[in-house]
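First to last, the sequence lines map onto chains D and G. Residue numbers are given in full-length UniProt numbering: position 278 of the first sequence equals residue 278, and the series is strictly consecutive. Residue numbers are given in full-length UniProt numbering: position 171 of the second sequence equals residue 171, and the series is strictly consecutive. Each residue gets a CB set at the ideal place from its N, CA and C atoms; glycine is no exception. Written below as structure tokens is the structure these notes are about.
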Amino acid sequence: MEDMLFYDRLQFAFTITFHYIFPQLTMGLSLMIVYFKWKFLKTKVDKYNDAAKFFMKIFAVNFTMGVVTGIPMEFQFGTNWAKFSELTGGIIGQTLAMEGMFSFFLESSFLALFIFGEKLMGQKLHFLTGFFVFLGSWASGWFILSTNAWMQHPVGHEILDNGKFVLENFSALFTNPWLLPAFLHNQLASVVTSSFVVASIGAFYVLRNKQTEYGKLFLKTGVVFGFISSILVAFPTGDWNAKNVAKHQPATFAAMEGIFHTEEAGSEIVLIGQPNMVEKKLDNKIAVPNILSFLTYQEWHKQIPGIDQFEEENLPDNIPALYYSYHIMVGLGTIFIGVMALALFFLWRKKLHTIKPLLWTIMFLVPFPYIANLTGWYTAELGRQPYLVYGLLKTSEGISPTVSSGNTLFTLLGFVALYMLLGLLFLVLVGKTINEGPTPQTH
Amino acid sequence: MEIFWYIIIGIVLAVFFILDGYDFGAGIIHLFFAKTEKDKEVIAKSAGLFWDSNEVWLVAAGGMLFMAFPTFYASVFSGFYLPLVLVLWLIIFRAIGLEFRSQFKYQMWKDIWDASFGVSSLLLALFFGIALGNIVRGVNLGIVQNGVAAHEGHYFFLPLWDSSFSPLSEHPGVIDWFTLIIGLISVVTLAIHGANWVILKTNSSINSKLKNIIFILNIVLTALTLFSLIVWQTVNPNSFDNFANKPYLIVFPIIYLTGLFGLFFIKKLKKDIHGFVLSTLLIFGGIASSLASLFPVILPSINEIHEPLTIYNTAASEYGLSVALTWGIIGFILLFVYMIIQKRLMAGKIDKMDYGH
Numbered sequence: 001m002e003d004m005l006f007y008d009r010l011q012f013a014f015t016i017t018f019h020y021i022f023p024q025l026t027m028g029l030s031l032m033i034v035y036f037k038w039k040f041l042k043t044k045v046d047k048y049n050d051a052a053k054f055f056m057k058i059f060a061v062n063f064t065m066g067v068v069t070g071i072p073m074e075f076q077f078g079t080n081w082a083k084f085s086e087l088t089g090g091i092i093g094q095t096l097a098m099e100g101m102f103s104f105f106l107e108s109s110f111l112a113l114f115i116f117g118e119k120l121m122g123q124k125l126h127f128l129t130g131f132f133v134f135l136g137s138w139a140s141g142w143f144i145l146s147t148n149a150w151m152q153h154p155v156g157h158e159i160l161d162n163g164k165f166v167l168e169n170f171s172a173l174f175t176n177p178w179l180l181p182a183f184l185h186n187q188l189a190s191v192v193t194s195s196f197v198v199a200s201i202g203a204f205y206v207l208r209n210k211q212t213e214y215g216k217l218f219l220k221t222g223v224v225f226g227f228i229s230s231i232l233v234a235f236p237t238g239d240w241n242a243k244n245v246a247k248h249q250p251a252t253f254a255a256m257e258g259i260f261h262t263e264e265a266g267s268e269i270v271l272i273g274q275p276n277m278v279e280k281k282l283d284n285k286i287a288v289p290n291i292l293s294f295l296t297y298q299e300w301h302k303q304i305p306g307i308d309q310f311e312e313e314n315l316p317d318n319i320p321a322l323y324y325s326y327h328i329m330v331g332l333g334t335i336f337i338g339v340m341a342l343a344l345f346f347l348w349r350k351k352l353h354t355i356k357p358l359l360w361t362i363m364f365l366v367p368f369p370y371i372a373n374l375t376g377w378y379t380a381e382l383g384r385q386p387y388l389v390y391g392l393l394k395t396s397e398g399i400s401p402t403v404s405s406g407n408t409l410f411t412l413l414g415f416v417a418l419y420m421l422l423g424l425l426f427l428v429l430v431g432k433t434i435n436e437g438p439t440p441q442t443h
Numbered sequence: 001m002e003i004f005w006y007i008i009i010g011i012v013l014a015v016f017f018i019l020d021g022y023d024f025g026a027g028i029i030h031l032f033f034a035k036t037e038k039d040k041e042v043i044a045k046s047a048g049l050f051w052d053s054n055e056v057w058l059v060a061a062g063g064m065l066f067m068a069f070p071t072f073y074a075s076v077f078s079g080f081y082l083p084l085v086l087v088l089w090l091i092i093f094r095a096i097g098l099e100f101r102s103q104f105k106y107q108m109w110k111d112i113w114d115a116s117f118g119v120s121s122l123l124l125a126l127f128f129g130i131a132l133g134n135i136v137r138g139v140n141l142g143i144v145q146n147g148v149a150a151h152e153g154h155y156f157f158l159p160l161w162d163s164s165f166s167p168l169s170e171h172p173g174v175i176d177w178f179t180l181i182i183g184l185i186s187v188v189t190l191a192i193h194g195a196n197w198v199i200l201k202t203n204s205s206i207n208s209k210l211k212n213i214i215f216i217l218n219i220v221l222t223a224l225t226l227f228s229l230i231v232w233q234t235v236n237p238n239s240f241d242n243f244a245n246k247p248y249l250i251v252f253p254i255i256y257l258t259g260l261f262g263l264f265f266i267k268k269l270k271k272d273i274h275g276f277v278l279s280t281l282l283i284f285g286g287i288a289s290s291l292a293s294l295f296p297v298i299l300p301s302i303n304e305i306h307e308p309l310t311i312y313n314t315a316a317s318e319y320g321l322s323v324a325l326t327w328g329i330i331g332f333i334l335l336f337v338y339m340i341i342q343k344r345l346m347a348g349k350i351d352k353m354d355y356g357h
């Protein structure tokens, strides 16, 4: 039984991690494509249209990868988490089915129209199809987040005697207090990723001294979007989410902040340190007193319950992983704000394209927003443990009763091999597209 | 309300098999009959332009099944664990074959992805047929051994095969001789459907040859259909009761037979679309007849202890189903609107169309 749970969790963690590399780019990128296309409609300057079409090519490759790695996610609810599906399908089935029907269809149909239909439709309709792609991908985020919000903070249901969750109030799923902050935080974080991708391709073109006109445009757009989104991710949305965790999942809050002991006079904020689960303390800690209490409750001396306040069985089962995920996310987010602020300063002085060290930094920072997005999700998911539905259904109670660990390990190994191949092909293809660069409009 | 969702999901599934069916079929034709690079390219393109918007119907069907019949979703997806994951892998291989073949001009590169596209299409067609065979035959619900159930009555687990390969065994596997026959029917049907699609959408040099191939495959299909009807009765003895009790259901087998009969005249048909319509009837009629023969059962039990899964004992709550009705109808209409817009914009032969992914 323990084995089954372990492999089911490992397979889900692996496949969702790989999957979420793609949607986090497409959601943010679709917004920037809409911007480029809109700018073209307004200014009639061709390079904006070239940029929109170039990034739609990158979008399309990512979308395909998102589709083929996304179908296994939907299937896994049934294959590996059958008991969970049986008990909660009446609720999360609603939001997941809506995602498939509204957003996924919208996105895929209009993507094809955007790519093939520019000449056929004219520029205004072409803009509109781009806008619908954006709408579809963000709606997708909305429905997935509403599913996850219900698991983090279940509302609008009733539990029957046989353990089944049945829907009692449909609209409660979308007015869930967990949903809006999580959605905004997640969408803005995906804009951070896409901004870094756009800016780093720009930096690459400027540094290699080819297609520098596009390079400068991408740099400028990426830096402006990146600066705004990096700030909004931290404040107000990140802050809002942290307060939600403190309110609804206090055990998780203590664990992710690394607060082992309850301090009556207010808790410190931990910057660095390694959780020592044997002695129940942080090793090599650097912390600033009372800041956590202030940030969370705007009171310097507010008492925050530490890990010592909770029963072992209600605490997340992997506190170090949760703690690191959270701190990596926050640390990287802070670095992004710094780098983007610096880049924005030089952009304003019209010197950004000449400052090589900064261009190199922007170019090589591109993997890190991906890591920040993923560790953010690890924080949410590890933090919800040991529950699937917070406080109501344990993760260990959700697995498929008849699928043995040997079978799951077999499929996990298969997914690892297949996704390595897929990742390699993806890099080759995107690398080729980036190397070729945008195609200038011919009249 | 259960019946309504059953019909909706049935239609979405049938649309999925009709739409994605033609690109599976194109893959089979590509694998066996396309010889020149030009034909290979244009046939791959006839699938490559459409596969992703076709596969969203699978996602929609999966989502709706999860919402409306969660117990069935949980039972079937965990019980058919191995074949389902294999299907996922094949879907991925097929997709990368289609998306990557034209990215580089090396012949070896194209050969690899052509094989990946063709073989995965063939195996997927086979697996989908086998899946239907399993649903008709039923499974050992609750994993009963010597009269004792090891699990709750709606859970089961099937190995890929059991040493007897017999559908009448106490613990049949996913693949036995009966499900294999249904699998072959699916392969032949989709090959016909794919050939019709290639004829309809391309100017490939093998178009006239494909009409002969359809004719021959149709003879094979007729033989397989007759044979399967004989053994169907042995595997699932109650399967004709529904047609006797509700005679209007006969319309589905008639649709199937119309397609089958019509396809014998493939060489005389005036328009390419007519052939495609006939193979569409074949698929729709085949799926609808199978489902109608089981109704309201959706997964028969082969042991005496457990009741079969029906649309009633696996459905979500009444409130959930009726709320979903409101958004479901809107969504359902949108699906068809999207499909029609897309098909209209991409109407006609696709040889000249820019494959710009």
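(message) Quick check on G:Glu55 - is its C-beta less than 8 Å from some C-beta in chain D?
(response) Interface residue, yes.
(request) With D:Glu158 as the anchor, note down where its beta strand (DSSP E) starts and where it stops. (result) Bounds of the beta strand (DSSP E) holding D:Glu158 are 157-159.
(request) Would you check if the distance between the CB atom of D:Pro401 and the CB atom of G:Tyr155 is smaller than 8 Å? (result) Yes. Within cutoff.
(message) By DSSP's criteria, D:Tyr387 is part of a beta bridge. Which residues make up the other side?
(response) The partner list for D:Tyr387 (beta bridge, DSSP) reads D:Lys394.
(request) Determine the burial state of G:His357: buried for a count of at least 16 other Cβ atoms within 10 Å of its Cβ, exposed for fewer. (result) Note that G:His357 scores 39 on pLDDT, short of 50, meaning its location in the model is unreliable; the coordinates nonetheless yield the value given after this. Per the 10 Å Cβ criterion, buried.
(request) Under the assumption that D:Gly376 contacts D:Ala189 (Cβ atoms under 8 Å), give the Cβ distance between them as a whole number of angstroms. (result) Taking C-beta atoms under 8 Å as the contact rule, D:Gly376 and D:Ala189 qualify, at a distance of about 6 Å.
(request) Taking D:Val191 and D:Thr433 to be in contact with their CB atoms under 8 Å, please state how far apart those CB atoms are, rounded to whole angstroms. (result) Contact flag wrong, Cβ pair sits at about 21 Å.
(message) Below 7 Å on C-beta distance, what does G:Asp52 contact in chain A?
(response) No chain A appears in the structure shown, which is made up of the protein chains D and G.
(request) Would you mind telling me which residues of chain D sit closer than 9 Å to G:Leu345, beta carbon to beta carbon, in chain order? (result) In chain order: Ala112, Leu113, Phe116, Gly117, Leu120, Met121.
(request) Determine the extent of the alpha helix (DSSP H) in which G:Pro83 is found, giving its start and end residues. (result) Per DSSP, G:Pro83 belongs to the alpha helix (DSSP H) from 81-100.
(request) Output, in chain order, the set of chain D residues within a Cβ distance shorter than 7 Å of G:Leu132. (result) Those within 7 Å of G:Leu132 in chain D number zero; the least Cβ separation is about 18 Å.
(message) If we define contact as Cβ-Cβ less than 8 Å, is G:Gly25 a contact residue for chain D?
(response) False, the Cβ-Cβ gap to chain D never drops below 8 Å.
(request) Grab me the residues of D:Lys124's own chain with a C-beta within less than 8 Å of its C-beta, minus the 5 sequence neighbours each way, in chain order. (result) Leu41, listed in sequence order.
(message) Check for me: the beta strand (DSSP E) holding D:Asn284 runs from which residue to which?
(response) Note, D:Asn284: beta strand (DSSP E), 281-288.
(request) Pull up the distance between the alpha-carbon of D:Arg208 and that of D:Gly78, whole angstroms please. (result) In a straight line, the C-alpha of D:Arg208 is about 49 Å away from that of D:Gly78.
(request) May I have the straight-line CA-CA distance separating D:His353 from D:Leu429, to the nearest angstrom? (result) Roughly 27 Å between the two C-alpha positions.
(message) So that I know if they touch, is there some Cβ in chain D lying closer than 8 Å to that of G:Gly356?
(response) Bear in mind that the predicted position of G:Gly356 carries a pLDDT of just 44, short of 50, making it unreliable; the figure below should be weighed with that in mind. By this cut-off, G:Gly356 is an interface position.
(message) Taking the straight line between their C-alpha atoms, what separation do you get for D:Ala149 and D:Thr95?
(response) Distance between the alpha carbons of D:Ala149 and D:Thr95 is about 11 Å.
(request) Run down chain G in chain order and give the residues with a C-beta less than 8 Å from the C-beta of D:Ser85. (result) The answer, in chain order, is Phe66, Pro70, Tyr73, Ala74, Phe77.
(request) Determine which residues share a DSSP beta bridge with D:Val206 and list them. (result) For D:Val206, which the question treats as bridged, DSSP gives no partner whatsoever.
(request) Look up D:Gln274 in the DSSP assignment and say whether it is helix, strand or coil. (result) In this structure, DSSP gives D:Gln274 an extended state, which the three-state scheme calls strand.
(message) If you reduce the DSSP assignment to three classes, tell me which class D:Gly437 lands in.
(response) Coil at D:Gly437, not helix or strand.
(request) For G:Glu99, decide whether its Cβ has a neighbour in chain D, counting only Cβ atoms nearer than 8 Å. (result) Chain D, which has a Cβ nearer than 8 Å to the Cβ of G:Glu99, makes this yes.
(message) Helix, strand or coil for D:Glu263? Go by DSSP, reduced to three states.
(response) Strand, per DSSP.
(request) Please list the partners that G:Phe156 has in chain D, where partner means a Cβ-to-Cβ separation under 9 Å. (result) Neighbours of G:Phe156 on chain D, chain order: Thr402.
(message) Here's the rule: buried if 16 or more other CB atoms are within 10 angstroms of the residue's CB, otherwise exposed. What is D:Gln441?
(response) Exposure of D:Gln441 is indicated by the presence of fewer than 16 other C-beta atoms within 10 angstroms of its C-beta.
(message) Would G:Ile302 and G:Asn54 be called neighbours here (beta carbons separated by less than 8 Å)?
(response) Not closer than 8 Å, so no.
(request) Report the neighbours of D:Pro72 on chain G: residues whose CB is nearer than 7 Å to its CB, in chain order. (result) Within 7 Å Cβ-Cβ: Leu88.
(request) Return the chain-ordered list of same chain residues with a C-beta closer than 8 Å to the C-beta of G:Tyr355, the five sequence neighbours on each side being excluded. (result) Here G:Tyr355 scores only 45 on pLDDT, less than 50, and its place in the model should not be relied on; the value that follows carries that caveat. These residues qualify, in order along the chain: Lys45, Gly48, Leu49, Ser102.
(message) So that I know if they touch, is there some Cβ in chain D lying closer than 8 Å to that of G:Gln107?
(response) By this cut-off, G:Gln107 is not an interface position.
(request) Indicate whether G:Ile206 and G:Gly129 have their beta-carbon atoms separated by less than 8 Å. (result) Contact flag unset, no.
(message) List, in chain order, every chain D residue whose beta-carbon is nearer than 9 Å to that of G:Tyr338.
(response) Neighbours of G:Tyr338 on chain D, chain order: Phe105, Leu106, Ser108, Ser109, Phe110.
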